[in-house]
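Once you know that position 430 of the sequence shown is 427 in the numbering used here, the rest is easy, because the numbers rise by one and skip nothing. Idealized CB from N, CA, C, for every residue including glycine. Here is the structure we will look at.
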Amino acid sequence: TPTPTPTSFAVEFKPVAKTNANAVTVPDGYVAETLFAAGDAVVPGATAWSQGAFLTSDQTEKVAGGNHDGMHYFTLPHILPNEGGLLAINHELPDFNILLPGVAAGTTPNPATLTTEQRKIVLSAVGISVIEVRKASDGKWSVAKDSTYNKRYTGNTVYRVGGPASGVIGSTVIGMLNNCASGATPWGTYLTCEESTDNYLDPTQPAQGYGWVVEIDPQGQLAEPTKRTAMGRFDHENVDFMTDQNNRIAFYMGDDGTPGCIYKFIPSRAYAPSNRAANTDLLDNGTLYVARFNANGTGEWRELTHGKNGLVAGAVDPGNTSQGATTPATVNFNNQADVLINTKAAARVAGGTVMDRPEWITVAPDKKSILCTLTNNSGRQVVDAANPRIRNLHGHIIKWKEANDSPLATSFTWEILLLAGDPSLAAGGANLTGNIVGDTFSSADGIRIDPQNRLWVQTDHSVPGNSGLAGTTIDQAFGNNAMFYIDQTSKKSTRFLVGPTGCEITGIAYTPDLTAFFVNIQHPTSNWPEAGKQARSSTVVVRRTDGKPVGA
Ligand code: FEO
Ligand code: CA
Ligand code: CA
Ligand code: CA
């Protein structure tokens, strides 16, 4: 029986100042403790990474991958929900510096120089980790090292292929890649998103085998990990869902392309709330839609089904017109597999709006709003109402509301929640200043409205990066990448956490009572989390020393 969360609480914490400190900085009364770093043991008995040592591919298959990104906390039937559970954690990229000799933190070796064994090592460091985590009596969290739930799914693992494109791709694919952000289903499976549509390390693998949402049951009871092709192939960022009173469900997804579209997928049938197994393969049948944002504040979901909305043989793809002149291309959609394998083109043919790099999407618990971070698009040359800034260096956040607050809606209304940037950059041009009230930021990426309807935003401005103002780096303008609380009414932004040097802040998960927040520190570059040792991407637990909920 889940522990009820408090009915409501105001958000109150002492804001953190912007900083370039090589540390995780949190408000007074909070601690941020490293839980799970790249190279830590996952499978019981595994040999963990240690400073100065390099593991074999057999060993790296059993330890944490790198570049921790999206994640989700799942409760377990036999443990009180706030005392322990499973964390499923994406590994977007390897932390090459701990895998291969002579590679500096934050840099990537030339793939052409790698041996077969080194390629296997590198591919072992992407995918996901599933770890059981437990809270001790002093409130501190740790990995249950002996748990039989602890498991790796990597770039070398074999995945099932489900849905309409399986006939083209084949019934299995080796590897999943660029596991960026993620989501979960109401039946307790993890949806991990491939942000790459090709296998950059193994050209012998079929190109259509990547760029999918992969469903994995962290408890290992349902189907084997499966690429769900009905949900479309593109540079998937994350997934969030909305349900209705009849247990119908929609999954919302962004294509982090430059630019890319926003999608939703509606399974053909309702999900079964009390029978997990009945939902196996629910994601193989349904309808995919792309969002069109009209200038008058209305929007439409356009169906991406073969034979509809121009999705026929000889269709004309206008290309990414927002980046300047393009040459239209002819695309043949002969069946639904063609639509799903070439989803980006299908979306443009159907009239989807190409957005300034859709990163995370979050659905409010009251179902009255859905938010998406549009991280940035410095190459935009042609604006539209939903993407109103040329050379959009700092990005914006868009919000929409489904007709009748229904996941099955085919229309919506929308507005821009905020434009990122900072008034101190005004000399660099008006499109750099933004309209954030309070603590400013650039390049929102992670976003989540928690069960208390509180909005959290995490940033990924690239480091080293351009603030838009000559002589001012982006880290000088905004501090290191950080996490913010944003009041959805006043739009006031308050800085909650700042990451160490070179990292991006990503991944938001929490216990049901919100006393523990799990946050990922991705690609730190300077001897963090341990002084004097290689930098390692890590999951940290942020909690209050008095044990009360975060932000309460
Ligand atoms: Fe992997 Fe779009 O961030
Ligand atoms: Ca990243
Ligand atoms: Ca991201
Ligand atoms: Ca990003």
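Please report the distance separating the alpha-carbon of residue i from that of residue j.
i       : j      : result
Pro(-1) : Lys132 : Per-residue confidence for Pro(-1) stands at a pLDDT of 44, beneath the threshold of 50, marking its modelled position as unreliable; the derived number appears in the next sentence. Rounded to the nearest angstrom, the two C-alpha atoms are 16 Å apart.
Gly172  : Ile118 : 13 Å
Leu47   : Leu111 : The displayed chain sequence assigns Ser, not Leu, to residue 47. Each residue's alpha carbon lies about 22 Å from the other.
Val60   : Asp214 : 19 Å
Glu234  : Leu280 : 18 Å
Gly217  : Tyr146 : 8 Å
Asn176  : Ser535 : 15 Å
Glu191  : Asp237 : 15 Å
Arg540  : Ile505 : 13 Å
Arg245  : Phe262 : 11 Å
Val127  : Ala85  : 4 Å
Ser375  : Ser144 : 46 Å
Thr370  : Val328 : 30 Å
Ala38   : Gly496 : 24 Å
Ala275  : Pro183 : 12 Å
Ala382  : Thr169 : 42 Å
Glu30   : Phe514 : 11 Å
Gly304  : Ala343 : 11 Å
Phe290  : Thr194 : 25 Å
Residue i: beta carbon under 7 Å from a heavy atom of ligand 3?
i      : result
Ala441 : no
Asn177 : Checking the sequence shown, residue 177 turns out to be Cys, not Asn. Yes, the beta carbon of Cys177 sits closer than 7 Å to at least one heavy atom of ligand 3.
Asp252 : no
Thr470 : no
Asp550 : This structure does not reach residue 550, given that the chain is present from -2 up to 549, and the question cannot be answered.
Glu58  : no
Out of the options, point me to the one whose CA is closest to residue i's CA.
i      : options                           : result
Phe10  : Asn517, Gly26, Glu80 and Thr186   : Gly26
Tyr268 : Asn306, Asp278 and Ile259         : Asp278
Ile483 : Thr437, Glu527, Val236 and Asp510 : Thr437
Ala532 : Val539, Val538 and Ser523         : Ser523
Ala441 : Gly426, Pro448 and Asn477         : Asn477
Glu399 : Gly376, Ile367 and Val380         : Ile367
Thr372 : Ser421, Asn244, Val454 and Arg266 : Val454
Ala334 : Arg273, Pro222, Ala162 and Ile259 : Ala162
Leu174 : Gly185, Asn153 and Phe514         : Asn153
Thr456 : Thr491, Ile502, Leu466 and Lys396 : Ile502
Tyr286 : Cys258, Ser271, Asn450 and Lys396 : Cys258
Leu466 : Lys530, Asn428 and Glu80          : Asn428
Asn306 : Gly392, Gln473, Ile338 and Gly349 : Gly349
Glu221 : Thr201, Pro203 and Tyr150         : Tyr150
Pro78  : Gln519, Leu511 and Val547         : Leu511
Glu212 : Val130, Asn389 and Thr226         : Thr226
Arg266 : Asp353, Asp253 and Gly283         : Gly283
Gly229 : Val158, Thr201 and Asp199         : Val158
Assign residue i to one of two classes, buried (16 or more other C-beta atoms within 10 Å of its C-beta) or exposed (fewer than that).
i      : result
Asn293 : exposed
Gly36  : buried
Tyr197 : exposed
Pro41  : exposed
Glu527 : exposed
Glu356 : buried
His88  : buried
Thr186 : buried
His75  : exposed
Lys148 : buried
Pro264 : buried
Asn94  : buried
Ala101 : exposed
Glu297 : buried
Ala424 : exposed
Glu114 : exposed
Val130 : buried
Pro1   : The pLDDT assigned to Pro1 is 45, lower than 50, so where the model puts this residue is not dependable; a value taken from the coordinates is nonetheless given after this. Result: exposed.
Ala474 : buried
With respect to 7 Å, is the separation between the Cβ of residue i and the closest non-hydrogen atom of ligand 1 below this value?
i      : result
Glu191 : no
Asp66  : yes
Glu399 : no
Using 7 Å as the cut-off, classify the Cβ of residue i as near or not near the heavy atoms of ligand 2, replying yes or no.
i      : result
Glu234 : no
Gln519 : yes
Glu501 : yes
Glu89  : yes
Report back the beta-carbon spacing between residue i and residue j to the nearest angstrom; my notes put them in contact at under 8 Å.
i      : j      : result
Gly206 : Asp232 : At roughly 15 Å, the Cβ-Cβ gap does not stay under 8 Å, so Gly206 and Asp232 are not in contact.
Val380 : Thr318 : Going by Cβ atoms, the distance from Val380 to Thr318 rounds to 11 Å, so no, they are not a contact pair.
Ile446 : Pro362 : 7 Å
Val360 : Tyr249 : 7 Å
Gly124 : Gly62  : 6 Å
Any beta carbon of chain B sitting closer than 8 Å to that of residue i?
i      : result
Val537 : Absent here is chain B; the protein component of the structure consists of one chain.
Closer than 7 Å: is that where the CB of residue i sits relative to any heavy atom of ligand 4?
i      : result
Thr255 : no
Thr372 : yes
Glu356 : yes
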